[in-house]
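Residue numbers (the working numbering): 32 to 557. Step one of this worksheet: look at the structure below.
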Amino acid sequence: MHWTDIYPYYLLLMGFFSFMLAILTLRYPRTPGRFYFASLLFLSFLLVTLTAAELYHSSYTVMLWLRNSQQIPIFLSAILLLALVRSYLGKPEKTTARIVIVLSLPVIVYFSLIITDHHHHVMRTWVDITQIGSLTEINVNPTFINLMFIAYYQFVAMSAVVVLLLNIRMFSEKLRRKFVFMFTGISIPVWLPALSMALPFKIPGTMSISYTLAGLFVFIAFFRYQIMSVWPIAKDRIFEQMSDGIVLSDSYNRIVDINPAGEKVLHLINPDKTTHSWIGEYLPSLLESYPSLINNYINNKDLADEIEIVEESKKTFYLVRFHPIRHSGKEEEAILTIFTDVTTKKMFENELLEKATTDYLTGLHNRRHFVDSFERFNIVKGRCNTKVALLLLDIDDFKIINDTYGHQTGDDVLVVFSERLRDFFSNGAAIGRIGGEEFAVCLIDKDDHEIITLARRFRDHLVNTPLHLKGHEALPVRVSIGMATAYKGSKTFEWMHKAADEALYKAKNSGKNQVIPYLEKETIHQ
32 MHWTDIYPYY
42 LLLMGFFSFM
52 LAILTLRYPR
62 TPGRFYFASL
72 LFLSFLLVTL
82 TAAELYHSSY
92 TVMLWLRNSQ
102 QIPIFLSAIL
112 LLALVRSYLG
122 KPEKTTARIV
132 IVLSLPVIVY
142 FSLIITDHHH
152 HVMRTWVDIT
162 QIGSLTEINV
172 NPTFINLMFI
182 AYYQFVAMSA
192 VVVLLLNIRM
202 FSEKLRRKFV
212 FMFTGISIPV
222 WLPALSMALP
232 FKIPGTMSIS
242 YTLAGLFVFI
252 AFFRYQIMSV
262 WPIAKDRIFE
272 QMSDGIVLSD
282 SYNRIVDINP
292 AGEKVLHLIN
302 PDKTTHSWIG
312 EYLPSLLESY
322 PSLINNYINN
332 KDLADEIEIV
342 EESKKTFYLV
352 RFHPIRHSGK
362 EEEAILTIFT
372 DVTTKKMFEN
382 ELLEKATTDY
392 LTGLHNRRHF
402 VDSFERFNIV
412 KGRCNTKVAL
422 LLLDIDDFKI
432 INDTYGHQTG
442 DDVLVVFSER
452 LRDFFSNGAA
462 IGRIGGEEFA
472 VCLIDKDDHE
482 IITLARRFRD
492 HLVNTPLHLK
502 GHEALPVRVS
512 IGMATAYKGS
522 KTFEWMHKAA
532 DEALYKAKNS
542 GKNQVIPYLE
552 KETIHQ
């Protein structure tokens, strides 16, 4: 018995094997790529069955019909290979479905031309029957147009292999060993038919054998290593739904992957840029508004930096981290940029800081924060002959205002007085409320004459423009001011405060509404 006598039997056995694998795949819990893989196995079963039937029959008409029918599973299998790879890599399912539909359109045209070729002969110059042992199969001579469609099929099949190969570096070394079965299965339909052509003898049905073997290897990867149920979920579902913005750029600083949150951040940073896709954009140019970020990115610094984005008076804060991705200690292959929205945390911190440093009623510095600010301004940097001044201001007869108009009106007076103080001393180093109706102003880099002049102008400003409070007529307010000056670093805050307080005490005892400077020869009361 010649081996070709039982060859169709073994082909059918392989076909039913593919059919059983397809049934098992469909019974498997729903995972990305399951439908494409099951469809690929069903097409493999169909292709093997049609091939075996062609080898078994001797009728030219039946054999030609069977050969033509084989073109559908052959071409569609290449497309499904690409779809399977995309699902394996976690690409968007809707995009993959659209790609399958678009790539299938030329297949419809090809099949239409093949089954009507006996009328126009556009696809084949001649068709005859070849004897292989005891078997017979159709032998055709394709036209140039037919060769173009065959090249299209090979291009799609090769694309699946190339896409998988280009993305294999995304996996760790440990995982790569598990994906050998996947890569082997995807590549078999590409290299096995080409290898069979180099053999000294002809093996019929090579294409059907290649897709059966491909299905077997992918099936092992599917069930043995669970690759289709782990990676796409981690890549597609988790990556796409992360609240953190994720941007992956290659060694040329071009964006190669980005999630929706990352797109949102880049749009906030670049509101004038209109683009349908950020893929391929040069990342440093998108971050040019933040030089510190570019410095960390270019120098591959694994650091965290905070940025503030203002959009229509709304502030958003992001913590930005760059993580260089290296392989086996080599140079950077990519950089992972992570944008974490810390707006809520930042606003909470600012709120706590404001409560800790701001007077709750007037919005000015509280006593502690004012003292800290004064100490910072009083620091000497190098040789210094500039002065720092401390003004203590006390509203005259404030108790009478409280007793006459009530404490609410008294609070209103403090608020409006603070606004006047803030507006007048807008160039002051610091302004604070350090007591009930006592305020302080720190001025730097001014001589004594300028400081006295400013203080008197503010006193006169209050006299000439009474406070207008809701529900009351214009309310005249007077203020007494004590002043102390010293060269930066020569006196402590405690000394300056006692000196200014001594001068304020004299202003109160001199008829009020006075500006009195402290004179060095006076003795400060301890």
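Here a beta-carbon is modelled for each residue, glycine too, at the ideal position from N, C-alpha and C.
As a quick exercise: from 508, 481, 397, pick the residue whose alpha carbon is nearest that of residue 386. 397
Kindly provide the ranges of any alpha helix (DSSP H) runs that are 4 or more residues long and lie completely inside the segment 146-177, ordered along the chain. 148-151
Length of the line joining the Cα atoms of residue 405 and residue 416: 17 Å
Hey, residue 188 and residue 216: beta-carbon distance below 8 Å or not? Going by C-beta atoms, residue 188 is not nearer than 8 Å to residue 216.
Quick one: what's got a C-beta closer than 6 Å to residue 40's C-beta in the same chain, skipping five residues either side? none
Nearest-angstrom Cβ-Cβ length linking residue 169 and residue 153, presumed shorter than 8 Å: Their Cβ separation, rounded to whole angstroms, is 18 Å, which puts residue 169 and residue 153 out of contact at 8 Å.
Please confirm if the segment 92-101 is in contact with the segment 216-234, defined as three or more CB-CB distances below 8 Å between the two stretches. Per the Cβ contact rule, the segment 92-101 is not in contact with the segment 216-234 (fewer than 3 Cβ pairs under 8 Å).
Residue environment, residue 327, which counts as buried when at least 16 other CB atoms sit within 10 Å: buried
Local Cβ density within 10 Å of residue 514, reported as buried at 16 or more and exposed below that: buried
Taking the C-alpha atoms as reference points, what is the distance between residue 448 and residue 536? 20 Å
Looking at the strands, I want to know which residues DSSP matches up with residue 516. Residue 516 has 420 as its beta-bridge partners, per DSSP.
Let me confirm a value: residue 45 is counted as buried when at least 16 other C-beta atoms fall within 10 Å, else exposed. Which label applies? Around the CB of residue 45, 16 or more other CB atoms lie within 10 Å, so the residue is classed as buried.
Please say whether residue 401 and residue 461 have beta carbons closer to each other than 8 Å? Cβ atoms of residue 461 and residue 401: closer than 8 Å.
Determine the contact status of residue 392 and residue 445, defining contact as a CB-CB distance below 8 Å. yes
So, are the CB atoms of residue 408 and residue 512 less than 8 Å apart? no
Would you list the one or two residues that DSSP bridges to residue 379? Under DSSP, no beta-bridge partner is assigned to residue 379.
State the DSSP-derived secondary structure class of residue 355, mapped to helix, strand or coil. In this structure, residue 355 counts as strand in the three-state DSSP scheme.
What three-state label does DSSP hand residue 396 in the structure shown? strand
Tell me which same chain residues have a C-beta within less than 8 Å of the C-beta of residue 241, skipping the five on either side of it? 219, 220, 223, 224
What residue range does the beta strand (DSSP E) around residue 70 cover? From DSSP, residue 70 is part of no beta strand (DSSP E) but of the alpha helix (DSSP H) over 65-87.
Assuming contact is defined by CB atoms lying nearer than 8 Å, are residue 74 and residue 111 in contact in what I supplied? Against a cut-off of 8 Å, the Cβ pair of residue 111 and residue 74 comes out as a contact.
Count the other C-beta atoms from every protein chain shown that fall within 10 angstroms of the C-beta of residue 276, then say buried if there are 16 or more, exposed otherwise. buried
Own chain partners of residue 128 with C-beta closer than 7 Å, once the 5 adjacent residues on each side are dropped: none
Suppose contacts are defined by Cβ-Cβ distances below 8 Å. Is residue 194 in contact with residue 249 by that definition? no
Keeping to the same chain, check which residues put their C-beta closer than 7 Å to that of residue 321; ignore five residues upstream and five downstream. 338
Residue 56: buried (16+ other C-beta within 10 angstroms of its C-beta) or exposed? buried
Quick check: residue 366 and residue 352, are their CB atoms within less than 8 Å of each other? no
Under the three-state reduction of DSSP, which class applies to residue 264: helix, strand or coil? Note that residue 264 has pLDDT 48, beneath the 50 cutoff, so the model's placement of it is unreliable and no number is given.
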